[in-house]
Structures are given as C-alpha cells and as structure tokens.
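Engineer: Can you keep this structure in mind? I'll have questions shortly.
Residue numbers (this note's numbering): 557 to 849.
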C-alpha cells in the first residue's frame, strides 16, 4: 500500500510583513542614532578633559622648575618693543617629511613651532596627548601661508590654544600692571604675579594655536564689540573653505574645554560673539564676571 505524499507548506514573510519589519528597524535606528551620536561626542569630550588635565600637570611642573613662569622665549635683540614671546605656529616637525622638531626659541621659527614643544620633556615627549578627534578640520592649517600649507594631518596634534598674555603683561586699556602701553614686557609674568590665578586660562580648545588677544580669544577686550574677529573675516572663511571657523572653540557639545592655572578643567558654554567672556580671564587680572558654564 502506497503512502500518500504529504506536502509541507514552507512558512515565509509576506511582502507586507517584510515591509513592517523594515519600518520597525528604521524607526528603532532613528531613535537610537541621536543617543549613539551623543555618547560618541561625550567620549571625545571625556578624552579632551583628560588631555588638558595632564597638560596642566606638565605646564605646572615646568613653571615649578622655571622661576614660576610658563614657557616663553626671551626678547629678540634689536626688536621693538623688547618683549618675551610665545611660539606662534602649530608645527611639531619642520615639515611633514621631517623628523626634526623646530626650535621654538629661534625667532626665525616663531611662526612655525607649536607652543607645546616648550614643555616637551614634561609630558613624556608624546604628542598623542594633544590629539583631539573632535577638532576634525577646525584648527589653524596655516592655509594663508602657502609655504606651510600642509595637509590637516600635519596640524591635527595642535588643537589647543595658549594666550600671549599668560606670559606677556597686558598693556592695553584697563591694564592693572601699570599705565597703558607703558608696561615692561621684557620679562615673563610669574604665576604669583597674577591678581587672580584661579580665574586665569592656561589653554583651551581653539582654532588658533597662539591666542594673541582680541581677534582670536573669547575675551571681549576694551574698545571691541565682537570676539574672534580674525576668524569671522571673509578672507579667512574663503581661504579655509569652511563656514563657521569659530566652532573650533566650541567643538565639544557647543562648549569650550578650558584649563585654568590651578589645574582644574571646565567647559565654557558658547555665547554670542558680541558678548564673549571677560578679557581678564586671559591676562591674570581679576575678572568682573565669570564665563557661562
């Protein structure tokens, strides 16, 4: 006797069921993406804060060993005014193909060396401490200097800015170091000479490597109506082929990670360019208002 052949029907998704599943997955992905993106940005922020704390230790140890002053170069003979100065560039080596570090004490390399080279032996001689993945392309690539117009990878380890006035006495309007424009800048400021060390900035997230005052700090200086004017100028925007170059100061969740003289790190909330923060946070003088945090 022959057995009847039993035909088994294979179960399968219908087109409608498949579309429903795909829709559910898309909805879940859309709900998760912002959270995952924020977690990634938070991770970058945490690393940046850690970097700056370690840099704070290195710069403090240097000052302990060097008469209570941060690194700077002596006045250039024959120059006027005779003033100490910080390296101005973002270079760790002479060029992308060189393994030789520029000497930041050489006036001819003032526009080349990164200020961190002055502390090289104090942070284990590893520039990895200065890698901030949130910087992306928002650091000064020196596009306006054709002879140093190198790929971004050459400058990606110089994302933090240090202000001249950390070592050079501020001599502008409202200076408490002496009569305006008649201040001895031939000797670097000591940390002990700051009127308010706890409110003085050492370094911070920045597009620029050396912050020279009104045009490239968050400080609203006397007589100015806007901050970061160098980096909002149309010629810079065109040169760098980017939109908002000021975002380099606020690259972490719209905040600026900032190291202060005592070694603490905080975040300054983004503010309108017409408001800025009290310029005295850069000069060592006592600010009348603290930055929004």
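Where a beta carbon is used, it is the ideal one built from N, C-alpha and C, also for glycine.
Measure from the alpha carbon of residue 740 to the alpha carbon of each residue in 677, 723, 753, then state which is nearest.
Structural biologist: As a first step, residue 740 is located in the chain shown; it is residue number 184 there, counting from the start. Of 677, 723, 753, the residue nearest in Cα terms is 723.
Engineer: Can you give, in chain order, each stretch of the beta strand (DSSP E) that sits fully within the stretch 784-819 and has at least 3 residues?
Structural biologist: You should have 811-816.
Engineer: Using a 10 Å radius around the Cβ and a threshold of 16 neighbouring Cβ atoms, would you call residue 766 buried or exposed?
Structural biologist: Your numbering for residue 766 matches position 210 in the chain shown. Looking at its Cβ environment, which holds 16 or more other Cβ atoms inside 10 Å, residue 766 is buried.
Engineer: Please report the distance separating the alpha-carbon of residue 849 from that of residue 782.
Structural biologist: Reading the chain shown from its first residue, position 293 is the one you call residue 849. Reading the chain shown from its first residue, position 226 is the one you call residue 782. Near 20 Å, if we compare the C-alpha coordinates of residue 782 and residue 849.
Engineer: Compute the beta-carbon to beta-carbon distance between residue 762 and residue 805, rounded to the nearest angstrom, for a pair I have assumed lies under 8 Å.
Structural biologist: Position 206 of the chain shown, counted from the first residue, corresponds to residue 762. Position 249 of the chain shown, counted from the first residue, corresponds to residue 805. The Cβ separation is near 6 Å, so the contact holds.
Engineer: By how many angstroms is the C-alpha of residue 656 removed from the C-alpha of residue 843?
Structural biologist: As a first step, residue 843 must be located in the chain shown, where it is residue number 287. As a first step, residue 656 must be located in the chain shown, where it is residue number 100. If I take the Cα positions, the gap works out to 41 Å.
Engineer: Only counting runs of 3 or more residues, tell me where the beta strand (DSSP E) segments fall wholly within the stretch 705-746, in order along the chain.
Structural biologist: Listed in chain order, they are 716-719.
Engineer: Name the two residues that bound the continuous beta strand (DSSP E) containing residue 836.
Structural biologist: For this step, residue 836 is matched to residue 280 along the chain shown. Run containing residue 836: none in the beta strand (DSSP E); it sits in the alpha helix (DSSP H), 836-839.
Engineer: Going by DSSP, what residues sit across from residue 823 in a beta bridge?
Structural biologist: Sequence index remark: in the chain shown, residue 823 carries index 267 (1-based). DSSP lists 813 as partners of residue 823.
Engineer: Could you check if residue 823 is buried or exposed, using at least 16 other CB atoms within 10 Å of its CB as the buried criterion?
Structural biologist: Mapped onto the chain shown, residue 823 falls at position 267. So residue 823 counts as buried.
Engineer: So residue 646 and residue 670 are supposed to be a Cβ contact under 8 Å. How far apart are they, rounded?
Structural biologist: As a working note, residue 646 is residue 90 in the chain shown. As a working note, residue 670 is residue 114 in the chain shown. About 5 Å; that satisfies the 8 Å criterion.
Engineer: Pick helix, strand or coil for residue 619, following the three-state DSSP scheme.
Structural biologist: Counting from one through the chain shown, the residue named residue 619 turns up at place 63. Helix, per DSSP.
Engineer: Hey, residue 715 and residue 691 are a contact pair by Cβ (cut 8 Å); roughly how many whole angstroms apart?
Structural biologist: Residue numbering aside, residue 715 sits at position 159 when the chain shown is read from its first letter. Residue numbering aside, residue 691 sits at position 135 when the chain shown is read from its first letter. Rounded, the Cβ-Cβ distance is 4 Å, consistent with contact.
Engineer: Taking only three categories from DSSP, how would you classify residue 656?
Structural biologist: For the purposes of this step, residue 656 is taken as the residue at position 100 of the chain shown. Residue 656: coil per DSSP, three-state reduction.
Engineer: Does the distance from the C-beta atom of residue 758 to that of residue 661 stay below 8 Å?
Structural biologist: Here residue 758 corresponds to residue number 202 of the chain shown, with the count starting at 1. Here residue 661 corresponds to residue number 105 of the chain shown, with the count starting at 1. Contact: no.
Engineer: Which residue from 800, 831, 746, 788 puts its Cα closest to that of residue 620?
Structural biologist: The residue given as residue 620 occupies position 64 in the chain shown. Ranking the options by Cα distance to residue 620, first place goes to 746.
Engineer: On the three-state DSSP scale, how would you describe residue 670?
Structural biologist: Counted from its first residue, the chain shown places residue 670 at position 114. It is a strand residue.
Engineer: At what residues does the beta strand (DSSP E) containing residue 760 begin and finish?
Structural biologist: Within the chain shown, residue 760 is the residue found at index 204, counting from 1. Here the beta strand (DSSP E) through residue 760 covers 757-761.
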